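Going left to right, the sequence shown walks through residues 4 to 114 as my numbering numbers them.
For each residue, glycine too, the CB sits at the ideal point set by N, CA and C.
Source: prediction; values computed, not measured.
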Amino acid sequence: MAEKKIELPSGNSVTFRDPESLRVKDRSKVLMAIGNENNSVAQGLKLIDGLLALLIKDWSFDMIIPSIKIDTLGELSIPDYDALTKAAEEARQKLFPSFEDSEDKNSPKGS
4 MAEKKIELPS GNSVTFRDPE SLRVKDRSKV LMAIGNENNS VAQGLKLIDG
54 LLALLIKDWS FDMIIPSIKI DTLGELSIPD YDALTKAAEE ARQKLFPSFE
104 DSEDKNSPKG S
């Protein structure tokens with residue numbers, strides 16, 4: 004398993020944990036970060052923040068890492084935040100895969 008270092012537009016860097024190390028309990032943590040939001044946009048933003056808090060092991064910013072204080076993500080510049088969101092895509096797919104294209108040929112079909 005390998006950590007991933009991401010260089011951001013601001014010149015800062017972030018170290019992500021290896022997506023292969025993610026477990027079901029990590030999915031639950033991200034889902035819990037959403038809370039009771041009824042607005043789908045707010046849910047999506049909280050999901051991204053929860054995922055980033057889970058992935059970020061270390062960073063060069065002079066702020067507490069998001070796993071300790073998630074509000075620090077709100078202090079990032081938009082280009083840095085967007086770069087982190089893009090870099091987190093592999094982990095998002097591992098935690099929340101799309102099953103639409105992987106139809107099991109052996110599963111029973113409804114009539």
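Check: Considering only residues of the region 45-74, which uninterrupted alpha helix (DSSP H) runs meet the minimum length of 4 residues and lie entirely inside it, listed in chain order?; Outcome: none
Check: Can you tell me which residues form a DSSP beta bridge with T18?; Outcome: K8 and D61
Check: Pick out whichever of Q46, T88 and M35 has its Cα sitting closest to the Cα of I59.; Outcome: T88
Check: If you follow the alpha helix (DSSP H) that A86 is part of, which residue opens it and which one closes it?; Outcome: I81 to A90
Check: Taking the continuous alpha helix (DSSP H) assigned at R30, which residues delimit it?; Outcome: V27 to I37
Check: Measure the C-alpha to C-alpha separation of E40 and K7 and round it to an integer number of angstroms.; Outcome: 31 Å
Check: Report the rounded CA-to-CA distance for K97 versus S13, giving the unit in angstroms.; Outcome: 28 Å
Check: Taking the beta carbon of G38 as the centre, do at least 16 other beta carbons fall within 10 Å, making it buried, or is it exposed?; Outcome: exposed
Check: Which of the three DSSP states is assigned to S43 in this structure?; Outcome: helix
Check: With distances taken between CB atoms, is the gap from G47 to A36 smaller than 7 Å?; Outcome: no
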